[in-house]
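Have a look at the structure below before the remarks.
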Amino acid sequence: PLGWDRRNLGPLPRSAQDLCAQGFGPSSAQGDDGALYMNLVSPPGEIIGGWEAKPHSRPYMACLNIRRGDQGFRCGGFLVSENFVLTAAHCNGDEITVSLGAHNIKQREQSQQKITARQRIPHPQYNRETAPSDLTLLQLEHTAELNEQVRPIRLPRAHQRVLPGTVCSVAGWGRTSAESNVLPSTLREVELKMMDEKTCLTYPGGAYRKYNACTMMCVGDPDKCKASFKGDSGGPLVCGQTAQGIVSWGPPNGSPPRVYTRVSTFIRWIRATMRRLQP
Numbered sequence: 001p002l003g004w005d006r007r008n009l010g011p012l013p014r015s016a017q018d019l020c021a022q023g024f025g026p027s028s029a030q031g032d033d034g035a036l037y038m039n040l041v042s043p044p045g046e047i048i049g050g051w052e053a054k055p056h057s058r059p060y061m062a063c064l065n066i067r068r069g070d071q072g073f074r075c076g077g078f079l080v081s082e083n084f085v086l087t088a089a090h091c092n093g094d095e096i097t098v099s100l101g102a103h104n105i106k107q108r109e110q111s112q113q114k115i116t117a118r119q120r121i122p123h124p125q126y127n128r129e130t131a132p133s134d135l136t137l138l139q140l141e142h143t144a145e146l147n148e149q150v151r152p153i154r155l156p157r158a159h160q161r162v163l164p165g166t167v168c169s170v171a172g173w174g175r176t177s178a179e180s181n182v183l184p185s186t187l188r189e190v191e192l193k194m195m196d197e198k199t200c201l202t203y204p205g206g207a208y209r210k211y212n213a214c215t216m217m218c219v220g221d222p223d224k225c226k227a228s229f230k231g232d233s234g235g236p237l238v239c240g241q242t243a244q245g246i247v248s249w250g251p252p253n254g255s256p257p258r259v260y261t262r263v264s265t266f267i268r269w270i271r272a273t274m275r276r277l278q279p
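The opening position of the sequence shown corresponds to residue 1 in the UniProt record's numbering, with each subsequent residue numbered one higher.
So this is what it looks like as structure tokens:
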């Protein structure tokens with residue numbers, strides 16, 4: 001489904017693997033531009049150009065309600081084991097409640113499980129100014145009950161790469177356009193094309209000058225009005241049945257391409273951290 005073909009996977013070049021193994025890689029630029037990052041107290045985000053997902057067709061999806069002081073906001077995430085959810089490192093706050101098994105987040109569905117995050121473990125190299133390692137593990141307060149509506153998603157092999165042209169998908173709860181503040185209550189999804197690294201590295205105007213080909217993925221055809229945006233942060237980019245990316249950042253107007261954290265670069269840290277904290 002979704003145009004998936006296992007031939008679209010391939011290894012990174014050896015030199016890039018060596019860099020990625022240390023959590024670093026070639027960066028397109030230095031410096032800071034706060035406009036590239038998600039405004040964490042803005043209205044929850046959106047799936048642009050998408051459609052409502054079939055209820056519970058993505059049993060790994062998590063909706064994160066985050067409190068920071070007297071402010072609240074929403075992020076996405078995804079279940080990777082019965083005890084852990086993976087999300088973006090910039091989705092941080094004083095208290096995080098994880099909703100699993102949800103389709104309509106405004107209803108009390110019998111399938112929903114609400115679990116407080118016991119602790120948040122951001123990648124040690126995460127820096128909000130450059131966002132090279134925008135991922136964090138959430139350890140749940142108690143084990144999720146796995147069933148047809150709540151189930152972990154597969155993670156990639158170390159340094160596995162999705163080739164340009166591959167059609168993947170992303171899902172989330174939030175606005176359906178950059179102009180509207182109307183929030184749909186149900187999970188929405190959209191198909192997006194994996195772009196060549198040059199699409200972000202050479203994009204006019206320097207909007208992607210922080211793009212790092214080792215730790216990030218360039219996703220979404222700039223000629224199509226389809227993208228993830230604010231509030232979808234932390235959700236998975238799914239290629240086949242594998243979570244290859246994490247919604248991270250992009251231009252503030254919501255236009256594609258968007259930048260995703262490359263999960264395969266960090267898979268060893270993810271697995272080692274879960275083993276260390278496993279109850």
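We put the beta carbon where it would ideally sit given N, CA and C, even for glycine.
Kindly indicate which residue of the options has the alpha-carbon position closest to the one of residue i.
{"i": "Ala136", "options": "Trp173, Leu79, Gly101", "result": "A small fix is needed here, since residue 136 is Thr in this sequence, not Ala. With distances taken between Cα atoms, Thr136 lies closest to Leu79."}
{"i": "Gly101", "options": "Cys218, Ser169, Leu146", "result": "Leu146"}
{"i": "Pro164", "options": "Met194, Thr265, Thr87", "result": "Met194"}
{"i": "Thr265", "options": "Pro256, Gly234, Gln244, Ser255", "result": "Gln244"}
{"i": "Arg67", "options": "Arg188, Ile96, Gln278", "result": "Ile96"}
{"i": "Glu197", "options": "Ser255, Ala88, Thr87, Arg161", "result": "Arg161"}
{"i": "Gly172", "options": "Gln278, His142, Arg74", "result": "Arg74"}
{"i": "Val167", "options": "Pro257, Pro122, Pro55, Cys239", "result": "Cys239"}
{"i": "Thr272", "options": "Arg108, Ser57, His123", "result": "Checking the sequence shown, residue 272 turns out to be Ala, not Thr. Ranking Arg108, Ser57, His123 by Cα distance to Ala272 puts His123 first."}
{"i": "Ser255", "options": "His90, Asp232, Leu237, Asp223", "result": "Asp223"}
Report yes if the CB atom of residue i is closer than 9 Å to the CB atom of residue j, and no otherwise.
{"i": "Ser133", "j": "Gln112", "result": "no"}
{"i": "Pro156", "j": "Val259", "result": "no"}
{"i": "Thr186", "j": "Ile270", "result": "no"}
{"i": "Gly234", "j": "Leu86", "result": "yes"}
{"i": "Ala117", "j": "Gln139", "result": "yes"}
{"i": "Leu201", "j": "Cys214", "result": "no"}
{"i": "Gly50", "j": "Val190", "result": "yes"}
{"i": "Ile267", "j": "Ala88", "result": "no"}
{"i": "Leu277", "j": "Asn127", "result": "no"}
{"i": "Arg151", "j": "Pro59", "result": "yes"}
{"i": "Arg275", "j": "Ala53", "result": "no"}
Please state the DSSP three-state secondary structure of residue i.
{"i": "Cys91", "result": "coil"}
{"i": "Trp269", "result": "helix"}
{"i": "Ser42", "result": "Annotation note: pLDDT 30 at Ser42 (below 50); position unreliable, no value reported."}
{"i": "Cys214", "result": "coil"}
{"i": "Leu155", "result": "coil"}
{"i": "Ser28", "result": "Caution applies to Ser28, whose pLDDT of 32 falls short of 50 and renders its modelled position unreliable; the model cannot decide the point."}
{"i": "Asp33", "result": "Note that Asp33 has pLDDT 23, beneath the 50 cutoff, so the model's placement of it is unreliable and no number is given."}
{"i": "Pro252", "result": "coil"}
{"i": "Pro204", "result": "helix"}
{"i": "Thr97", "result": "strand"}
{"i": "Thr199", "result": "helix"}
{"i": "Leu277", "result": "helix"}
{"i": "Leu138", "result": "strand"}
{"i": "Val162", "result": "strand"}
{"i": "Gly69", "result": "coil"}
{"i": "Val150", "result": "coil"}
Excluding the 5 residues flanking residue i on each side, which residues of the same chain have their C-beta closer than 7 Å to its C-beta?
{"i": "Asp70", "result": "none"}
{"i": "Val41", "result": "Any reading at Val41 is ruled out, since the residue's pLDDT is 31, under 50, leaving its predicted position unreliable."}
{"i": "Gly93", "result": "Ile66, Arg67, Arg68"}
{"i": "Gln30", "result": "Its pLDDT being 25, under 50, Gln30 is placed unreliably by the model, and the measurement read from it follows with that caveat. Around Gln30: no qualifying Cβ."}
{"i": "Ser81", "result": "Pro152, Met274"}
Here's a check: name, in chain order, each residue in its chain whose Cβ is nearer than 6 Å to the Cβ of residue i, leaving out the five neighbours to either side.
{"i": "Ala207", "result": "Pro251"}
{"i": "Arg120", "result": "Thr136, Leu138"}
{"i": "Gly77", "result": "Ala62, Leu64, Val85, Thr87, Gly234"}
Among all the DSSP beta bridges, which residues are the ones paired with residue i?
{"i": "residue 346", "result": "There is simply no residue 346 to check, as the chain begins at 1 and stops at 279 in what is shown."}
{"i": "Glu52", "result": "Arg188"}
{"i": "Tyr260", "result": "Met217, Val247"}
{"i": "Ala171", "result": "Glu189"}
{"i": "Val238", "result": "Ser169, Ala243"}
Excluding the 5 residues preceding and the 5 following residue i in the sequence, name in chain order all residues of the same chain whose CB lies nearer than 8 Å to its CB.
{"i": "Asn154", "result": "The sequence given here has Arg at residue 154, not Asn. Closer than 8 Å at Cβ, skipping near neighbours: Gln241, Thr242, Ala243."}
{"i": "His142", "result": "Ile115"}
{"i": "Pro204", "result": "none"}
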